[in-house]
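Trainee: Have a look at this one before I ask anything.
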Amino acid sequence: MLHKITAFLPLVMGVFWMATAQESKIYTHENKDFQDALALYNNEQFQAAQTIFEKVKATTKDEEIAANSAYYAANAAVRLNQPGADRMMEEFVENYPTSTKKNSAFADVAEYYFDTGKYPYALKWYNKVDQSALSMGEMDKFNFNYGYSLFSSSKPKEAERYLEKVTTSPVYGSQAKYYLGYISYQQDDYEAANERFDQITDQNVLEEKLSYYQADMNFKLGKFEEAIALAKKQLPKSDRTEVSELNKIIGESYFNLGQYENAIPYLQEYKGKRGKWNNTDYYQLGYCYYKQGDYANAIAQFNKIIGGTNSVSQNAYYHLAECYLKQDQKQEALNAFRNASQMDFNPDIKKDAFLNYARLSYEVGNAYEPVPQVITNYLDAYPNDENKEEMQTLLVDSFITSKNFAGAMELLERNQNYATKETYQKVAYYRGLELYMEGDYSAASEVLGKSLGSAVNDSFRARATYWKAEADYLLNRFDAAAIGFRDFKQNPASKKVNEGNDVDYDLAYAYFKQKDYANAITYFSAFTDAQKDDVEKLHDGYLRLGDSYFATSKYWPAIETYNKALALTGPEKDYAAYQKAMSYGFVDRTESKIENLENFVSQYPRSTFKDDALFELGNTYVSTGQENKGLQAYDRLINDFRGSSLVPQALMRQGLVFYNSGRNNEALGKFKTVVRDFPNTQEAIQAVSTAKLVYVDLGRVDEYASWVNGLDFVEVTNAELDNATFESAQKQNMEGKTDAAIRAYKKYIQEFPNGLHALDANFSLAQLYFGEGDKDAALPYYKYVADKTTSEYAEQALTRVCEVYIGKQDYATALPYLLKLEDQANIQQNRTFAQSNLMKGYYGQKNYSKTLEYAEKVLGTPSIDDRIKSDAQIMIARSAIATGNESKAKSAYAQVLTIASGATAAEALYYDAYFKNKEGDYESSNISVQKLAKDYATYKEWGGKGLVLMAKNFYALGDSYQATYILDSVISNFGQYPEIVAVAQGELAMIKSKESQRNSSVDPNQE
């Protein structure tokens, strides 16, 4: 306010302490030039006067006139602000030490600088004045001016000493008391300031300024009613800046008096310091709205308080949370309660905020930290709290609602008193189901068994029974699965749950896998008689029922059942047609068999059974004496299916036909083709043996011997040892002696690397290692078998090779095997497996076109489960994101949301929020992020990304507090994801930069 205070300085224009003695006659009459210059000087014509004074000084012989001329010339230079003016005055003093104007010179220059507001310069010259030479009146003026110069030069203590000397002066007293009071005011000594101000009698001073400072001081002294009265009195006569400050005084005074409604209009009129409010300003106005029940306006003020770290901020965040709750904005309330609970200024607020934070975390989810951890932390912090029982219940439920069933199991097994037996039953059920969905069927069966061991609730007993049976089935424990499915079927509660609607189908399969075809027929028949809605499953039921009849030699019922399957839509119609044709052969309907096989070959040109059909067709034609047609069928098989394991058998059959019809050379050609193209196979051994007979018949034994000696794939002389060694290994395996079997198979492979049973030995050894969980040991043996493409084990071995490499995330090595599996697989499930992982492998290589190609193949496969569909849609979505095709990505992620679970669902939900944010639908975007936090809290990376998105949404919605708090929390809690933290830091810096333009409490450079 110093620029205003100077308005009360006395008028001190003119020359200070001019000589008052009567000018001598010589000055007034005898030196006209000097008198003319003096007249010009008094008329402030300093330049003209200076010129004449310099001339007079140089020409006069009168010492006194010369001294006076030097004095006035120097004084004029000071007033003209000429360089070296100070030096001129000092030279005057040096050159004329006895001049009567010496003291006046110091005082006059000081006065000039004082009048022009150059107080440090004034002080320099006042310090030269000889105070003892001053009169009483001159002394008052000197003390005031010197004191004020010290005050204006920020030396209040020294100023007080001189201003105190003129407090009784009729001229300077009121002004001195004003500045003395102001010094006390600046030093927050309001009692002393008030005492000084009360002594002022000058009405101009009282009217002009005093009410403002007295209002402010009364406010600071807690005299709010007096402050209001004085501030309102001052308002009409104040400038814009003071009006703002006075409104603040009035508003805060009403606030402190609890008159919140009265405070609001005055607080609103406050313009802030240099145009900015601070956190306290926003808090006061927000609190007034809060007390009035105007929660929306309270939120609008409280949420501008960013990064507060004091008691005001803790109060603000707590009340902000309450306002959010009143507006049913629970996610926002959670953040504010969390913030208040992290501050220690008020322990009661801290505890209550923590309690509400824990409750809301349970209710709406928590993306910052696991909900169970929040509640556990509360129980640890307040172990004897009156809400302990409630928190323990919420803790157990929070594990369930956040789907952290593993944590719930651990908690309940440590603290049995936390929940009832029924709760444990449910938790164990959910954990078992979770393990089942993750593919850990062994652990799932065990945990579901625990649920059954604590069974209280009949519905959950039924559900656990069903899923345990499913897990046992997938573990190839078909006997246990059958028992479980039977128990489920017999439980009356099974009719009230969603599981097991087709339990007869499940039970039938359990028996079917045990080759208990009689029971399989019973339950498949029950299923197919009852099933009307699920056409695909009904189709499969007919197929397996037909297979069961076929396996028990009931071929006419099998044919009838396969016909029912063929009448429906399903993925294995070719299989049904093939089996039907084969069944005709077993009931001596050879013509029907041939007719059905011919129809099959033309009707299903792409079937994986076409090579089987051609082989059977050739066999049937030959067996009925139609050798030429049989040879043609074999040729079609050999030419069209070069990779089929039936090719060497077809060649052998052709050779035998030729041999039996006396066409020995043609027979030898076929046998040699088998030996050449398919070494290390049983057919090759058979070909060598049969060729020997042909050579003997032809009398070309030497030619045979020469030919056999050139073969290295079989040691004919060691055949008995070969067989004996292999049979020994087989015996150990059949008896379940795994370690002994492994040693025996390895011995066989070492001794007979190209032996008669090399394929069987390698495959059996691989299976044993795989069953023991040693996949790395199994891999080379699977690869050996997989490379023999015509082997009956090739497809299964190839699938295992792919599984092992994929388990290591080594898609680069897996890709060629996956391509081979896709090309050669006869089983649709294996082909889908290959295509699904080719899709993932190509995505890992950033080959997005191939990724999309295989994703479409996967989605085009009938009867795949939702998990595989979800994976395909995710690959489409990710590839679209990577290539900038957000429209395609949005569509794909929307599909994923309808079928996905786990991490895939979390990702899809994040992108649902992402696209809504881009469309400006910020509130809906936040709802998606809240769902992500509540239902998928374990997927922290997506949770962190979702929080950054939520912060952007809140800032777009005008909630600066939520935006900055969320970003601060991401930076603090997601350090394991540096990319997410970097994005959060960038967003926070941008927001703080903007907010600092209106809130002085915000430091844009503060981390």
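Using the working numbering, the first residue of the sequence shown is number 549, and each one after it goes up by one.
Glycine residues also receive a C-beta, built at the ideal position from the N, C-alpha and C atoms.
Just so you know, these numbers come straight off a predicted model, no measurement behind them.
In whole angstroms, give me the CA-to-CA distance for threonine 1172 and glutamate 1139.
Mentor: Using only the alpha carbons, I get a separation of about 10 Å.
Trainee: On a CA-only basis, which of Leu1216, Gln1357, Leu1162, Asn1176 is nearest asparagine 1187? Give me that one, please.
Mentor: Cα-wise, what sits closest to asparagine 1187 is Leu1162.
Trainee: Please determine, among Val1083, Tyr1132, Asp1082, the residue with the shortest C-alpha to C-alpha distance to lysine 1102.
Mentor: If we check each option's Cα against that of lysine 1102, Tyr1132 comes out closest.
Trainee: Would you please state the rounded distance, in angstroms, between the beta carbons of alanine 1307 and lysine 1336? I believe it to be under 8 Å.
Mentor: One point to set straight first is that residue 1307 is leucine, not alanine, in the sequence displayed. Their Cβ separation, rounded to whole angstroms, is 6 Å, which keeps leucine 1307 and lysine 1336 in contact under 8 Å.
Trainee: Which term fits arginine 1154, buried or exposed, when burial requires 16 or more other beta carbons within 10 angstroms of its beta carbon?
Mentor: By the 10 Å Cβ count, arginine 1154 comes out exposed.
Trainee: Going by CA-CA distance only, name the one from Val1333, Asn1257, Lys1279, Phe1206 that's closest to asparagine 1228.
Mentor: With distances taken between Cα atoms, asparagine 1228 lies closest to Val1333.
Trainee: Per DSSP, what kind of secondary structure is lysine 1102 in: helix, strand or coil?
Mentor: In this structure, lysine 1102 counts as coil in the three-state DSSP scheme.
Trainee: Find out if the Cβ-Cβ distance for the pair tyrosine 1525, lysine 1488 is shorter than 9 Å.
Mentor: Contact flag set, yes.
Trainee: Between phenylalanine 1463 and the rest of its own chain, which residues show a CB-CB distance below 7 Å, the 5 nearest in sequence each way excluded?
Mentor: Counting only Cβ-Cβ distances below 7 Å, and skipping sequence neighbours, we find Lys1438.
Trainee: Nearest CA to the CA of leucine 1093: which residue from Asp1081, Phe1075, Glu1084, Asp1082?
Mentor: Checked all of Asp1081, Phe1075, Glu1084, Asp1082; the closest Cα to leucine 1093 is Phe1075.
Trainee: Which residue from Gln879, Asp900, Asn887 puts its Cα closest to that of tyrosine 910?
Mentor: Measuring from the Cα of tyrosine 910, the nearest candidate turns out to be Gln879.
Trainee: Alpha helix (DSSP H) containing glutamate 639: first to last residue?
Mentor: Element bounds for glutamate 639: 633 to 643.
Trainee: Let me know if threonine 1013 comes out buried or exposed under the rule of 16 or more other beta-carbons within 10 Å of its beta-carbon.
Mentor: Its Cβ being crowded by 16 or more others within 10 Å, threonine 1013 is buried.
Trainee: Could you check the C-alpha separation between lysine 852 and tyrosine 674 for me, to the nearest Å?
Mentor: Lysine 852 and tyrosine 674: Cα-Cα distance of roughly 52 Å.
Trainee: Rounded to whole angstroms, what's the CA-CA distance from asparagine 1067 to alanine 1345? Just pull it up for me.
Mentor: Cα to Cα, the separation comes out at about 32 Å.
Trainee: Taking the straight line between their C-alpha atoms, what separation do you get for glycine 913 and alanine 1481?
Mentor: Rounded to the nearest angstrom, the two C-alpha atoms are 5 Å apart.
Trainee: I need the DSSP call for lysine 819, collapsed to helix, strand or coil.
Mentor: In the structure shown, lysine 819 sits in coil (DSSP, three-state: anything other than H, G, I, E or B).
Trainee: So if DSSP puts asparagine 1547 in a beta bridge, which residue, or which two residues, is it bridged to?
Mentor: Paired residues: Trp825.
Trainee: What is the rounded straight-line gap between the Cα of lysine 1500 and the Cα of serine 1548?
Mentor: For lysine 1500 and serine 1548, the distance between alpha carbons rounds to 22 Å.
Trainee: Assuming tyrosine 814 and asparagine 795 make a contact with CB atoms under 8 Å, what is their CB distance in whole Å?
Mentor: At roughly 5 Å, the Cβ-Cβ gap stays under 8 Å, so tyrosine 814 and asparagine 795 are in contact.
Trainee: Tyrosine 984: which of Tyr972, Phe885, Ala1017 sits nearest, CA to CA?
Mentor: It is Ala1017 whose Cα lies nearest to the Cα of tyrosine 984.
Trainee: Return the CA-CA distance between serine 1237 and arginine 1211, expressed in angstroms with no decimal places.
Mentor: Each residue's Cα considered, the two are about 17 Å apart.
Trainee: Are the CB atoms of arginine 1348 and phenylalanine 1318 within a distance shorter than 9 Å?
Mentor: Cβ distance < 9 Å, so phenylalanine 1318 and arginine 1348 count as in contact.
Trainee: With burial defined as no fewer than 16 other Cβ atoms inside 10 Å of the residue's Cβ, what is the status of glutamate 571: buried or exposed?
Mentor: For glutamate 571, the pLDDT reaches just 42, beneath the cut-off of 50, and the residue's location in the model is therefore unreliable, leaving the point undetermined.
Trainee: When you compare only the Cα positions, how much space is there between lysine 1061 and phenylalanine 1026?
Mentor: In a straight line, the C-alpha of lysine 1061 is about 7 Å away from that of phenylalanine 1026.
Trainee: Closest to alanine 1504 by CA distance: which of Lys936, Tyr1470, Val1531 is it?
Mentor: Nearest C-alpha to alanine 1504: Tyr1470.
Trainee: Among the residues of its own chain, which have a CB less than 6 Å from the CB of lysine 605, if the five just before and after it don't count?
Mentor: The residues are Ala614, Ser617, Ala618.
Trainee: Whole angstroms is fine: what's the gap from alanine 1029's alpha carbon to leucine 1055's?
Mentor: Near 8 Å, if we compare the C-alpha coordinates of leucine 1055 and alanine 1029.
Trainee: Less than 8 Å separating the Cβ of aspartate 1160 from some heavy atom of the ligand GTP?
Mentor: Ligands displayed in this structure: none; no statement on the ligand GTP is therefore possible.
Trainee: Please classify tryptophan 1104: is it buried, with 16 or more other beta-carbons within 10 angstroms of its beta-carbon, or exposed?
Mentor: With fewer than 16 Cβ atoms within 10 Å of its Cβ, tryptophan 1104 is classed as exposed.
Trainee: For aspartate 1245, tell me which candidate among Ala1461, Asn1208, Val1222, Ser1276 has the shortest Cα-Cα distance.
Mentor: Of the candidates Ala1461, Asn1208, Val1222, Ser1276, the one whose C-alpha sits nearest the C-alpha of aspartate 1245 is Asn1208.
Trainee: On a CA-only basis, which of His1305, Met1538, Gly820 is nearest serine 792? Give me that one, please.
Mentor: Selected option, being the one with the closest Cα: Gly820.
Trainee: If you measure between the beta carbons of arginine 1426 and tyrosine 1391, is that distance less than 9 Å?
Mentor: In contact: arginine 1426 and tyrosine 1391 (Cβ atoms closer than 9 Å).
Trainee: Mind checking whether glutamine 973 and valine 995 have CB atoms under 9 Å apart?
Mentor: Against a cut-off of 9 Å, the Cβ pair of valine 995 and glutamine 973 comes out as no contact.
Trainee: Can you tell me whether glutamine 1079 is helix, strand or coil according to DSSP?
Mentor: Here glutamine 1079 sits in coil by DSSP.
Trainee: Here's a check: name, in chain order, each residue in its chain whose Cβ is nearer than 6 Å to the Cβ of aspartate 1122, leaving out the five neighbours to either side.
Mentor: So the list reads Tyr1152, Ser1155, Phe1157, once near-sequence residues are dropped.
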